[in-house]
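Undergrad:
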Amino acid sequence: MSNTSRDAVLARIRQGLAAGPAPLPPRPDFAAPVHPPLNNPDIVVAFAESFQRVGGEFYYCESLEQLAVQLAAFQERQQVGPPYVWESDLQAVLQAAGIEFLADEADFIANADLSLTSCEALVARTGSVLVSAATESGRRLSIYPDQHLVLARPSQVVAEIGDALRVMQERYGAQQLPSMVSLTTGPSRTADIEKTLVLGAHGPRRIALFLLEEEENNG
Numbered sequence: 031m032s033n034t035s036r037d038a039v040l041a042r043i044r045q046g047l048a049a050g051p052a053p054l055p056p057r058p059d060f061a062a063p064v065h066p067p068l069n070n071p072d073i074v075v076a077f078a079e080s081f082q083r084v085g086g087e088f089y090y091c092e093s094l095e096q097l098a099v100q101l102a103a104f105q106e107r108q109q110v111g112p113p114y115v116w117e118s119d120l121q122a123v124l125q126a127a128g129i130e131f132l133a134d135e136a137d138f139i140a141n142a143d144l145s146l147t148s149c150e151a152l153v154a155r156t157g158s159v160l161v162s163a164a165t166e167s168g169r170r171l172s173i174y175p176d177q178h179l180v181l182a183r184p185s186q187v188v189a190e191i192g193d194a195l196r197v198m199q200e201r202y203g204a205q206q207l208p209s210m211v212s213l214t215t216g217p218s219r220t221a222d223i224e225k226t227l228v229l230g231a232h233g234p235r236r237i238a239l240f241l242l243e244e245e246e247n248n249g
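Position in the sequence shown counted from 1, then plus 30, gives you the numbering used here.
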């Protein structure tokens, strides 16, 4: 290194030392929320937007009559028969709406094109559906069929994943949580092989949610 270059380097070092230590970065606000506010202050609307953004199909039903119409239209578009429904509470709702369903497990493996289950909670932030093995649907109805339908109520929508997990703890107790709890975010998909997106690789290739207004609003 020439004296000129050496002198220039030393001059920059002296200049830097004379300026004193670099300022510390600002102290983070640990009390501030981790996530920004939801895009919509109405968490039900925010969930619907997030759910559709991740590939889910959303249907709002003000009444049992609308549920029957929407579900029939879905079955006609997808060319599928009645859904398998194993939860007694859901069966009662569908019976009241005049909707046909399959209540037993006869030929389930061969004919599991469509299922309908309840859920534990709906997460507005991510558009996720929280399901568990605690319901009469067990593990299979939300995973095995080609298309998964969910029937939920607006009161089940929460803002964040943490809120949904707290709902589970309050419902079952921290020591009695179901053996399987799953956050379903859109249809099952993978791009592991040559970056080609494949739907239905590890579960249903389509998920649709029917949000039915609370019972007191249905008459």
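Built from N, CA and C at the ideal position, the CB exists for glycine as well.
Keep in mind it's a predicted model, so treat the numbers as computed, not measured.
Helix, strand or coil for residue 187? Go by DSSP, reduced to three states.
TA: The answer is strand: DSSP assigns residue 187 an E or B state.
Undergrad: State the Cα-Cα distance for the pair residue 167 and residue 59, rounded to the nearest angstrom.
TA: Straight-line Cα distance between these residues: approximately 43 Å.
Undergrad: What did DSSP end up calling residue 109 once you bin it into helix, strand or coil?
TA: Looking at residue 109 - three-state DSSP - the assignment turns out to be coil, as it is neither helix nor strand.
Undergrad: Use the C-beta contact count for residue 158: other C-beta atoms within 10 angstroms, 16 or more gives buried, fewer gives exposed.
TA: With 16 or more other Cβ atoms within 10 Å, it is buried.
Undergrad: Can you tell me the Cβ-Cβ gap for residue 244 and residue 91, rounded? I've got them flagged as a contact below 8 Å.
TA: That belief does not hold up - the Cβ atoms of residue 244 and residue 91 are roughly 11 Å apart, past 8 Å.
Undergrad: Roughly how many angstroms lie between the CA atoms of residue 116 and residue 62, to the nearest whole one?
TA: Whole-angstrom Cα-Cα distance: 43 Å.
Undergrad: Within the continuous beta strand (DSSP E) that includes residue 206, where are the two ends?
TA: Careful: residue 206 lies outside any beta strand (DSSP E) and carries neither H nor E.
Undergrad: Which first and last residues belong to the beta strand (DSSP E) in which residue 93 is found?
TA: Taken as a continuous stretch (DSSP letters only), residue 93 belongs to no beta strand (DSSP E), as it is neither H nor E.
Undergrad: Report all residues from its chain with a CB closer than 6 Å to the CB of residue 132; omit the five preceding and five following residues, and keep chain order.
TA: Within the same chain, residue 132 has close Cβ partners 112, 114.
Undergrad: Closest to residue 76 by C-alpha separation, out of 190, 41, 97, would be which residue?
TA: Out of 190, 41, 97, 190 has the C-alpha closest to the C-alpha of residue 76.
Undergrad: Flag residue 213 as yes when its Cβ comes closer than 7 Å to any non-hydrogen atom of the ligand FAD, and as no otherwise.
TA: What this structure holds is no ligand at all, so the ligand FAD is not there to describe.
Undergrad: Mapping the DSSP letters down to three states, classify residue 148 as helix, strand or coil.
TA: Reduced to three states, the DSSP call for residue 148 is coil.
Undergrad: So what does residue 177 bridge to, in DSSP terms?
TA: Its beta-bridge partners are 144, 236.
Undergrad: Assuming residue 213 and residue 160 are in contact, meaning their beta carbons sit under 8 Å apart, how far apart are those beta carbons, in whole angstroms?
TA: Residue 213 to residue 160, Cβ: 6 Å. Contact.
Undergrad: Ends of the beta strand (DSSP E) at residue 162?
TA: Residue 162 -> beta strand (DSSP E) spans 158 to 162.
Undergrad: Could you work out which residue in 203, 153, 216, 175 is closest to residue 185 when comparing CA atoms only?
TA: Cα-wise, what sits closest to residue 185 is 153.
Undergrad: By Cβ distance, which residues of its chain are closer than 7 Å to residue 15, with the 5 residues on each side in sequence left out?
TA: With the chain covering only 31 through 249, there is no way to say anything about residue 15.
Undergrad: Can you give the Cα-Cα distance for residue 215 and residue 200, rounded to whole angstroms?
TA: Those two C-alpha atoms are separated by around 23 Å.
Undergrad: Cα-Cα, which of 142, 188, 193, 150 is closest to residue 235?
TA: Checked all of 142, 188, 193, 150; the closest Cα to residue 235 is 142.
Undergrad: Just how far apart, CA to CA, sit residue 68 and residue 78?
TA: Approximately 12 Å, taken between the alpha carbons.
Undergrad: For residue 147, count the other beta carbons within 10 Å of its own beta carbon; 16 or more makes it buried, fewer makes it exposed. Which is it?
TA: It is buried - the Cβ of residue 147 has at least 16 other Cβ atoms within 10 Å.
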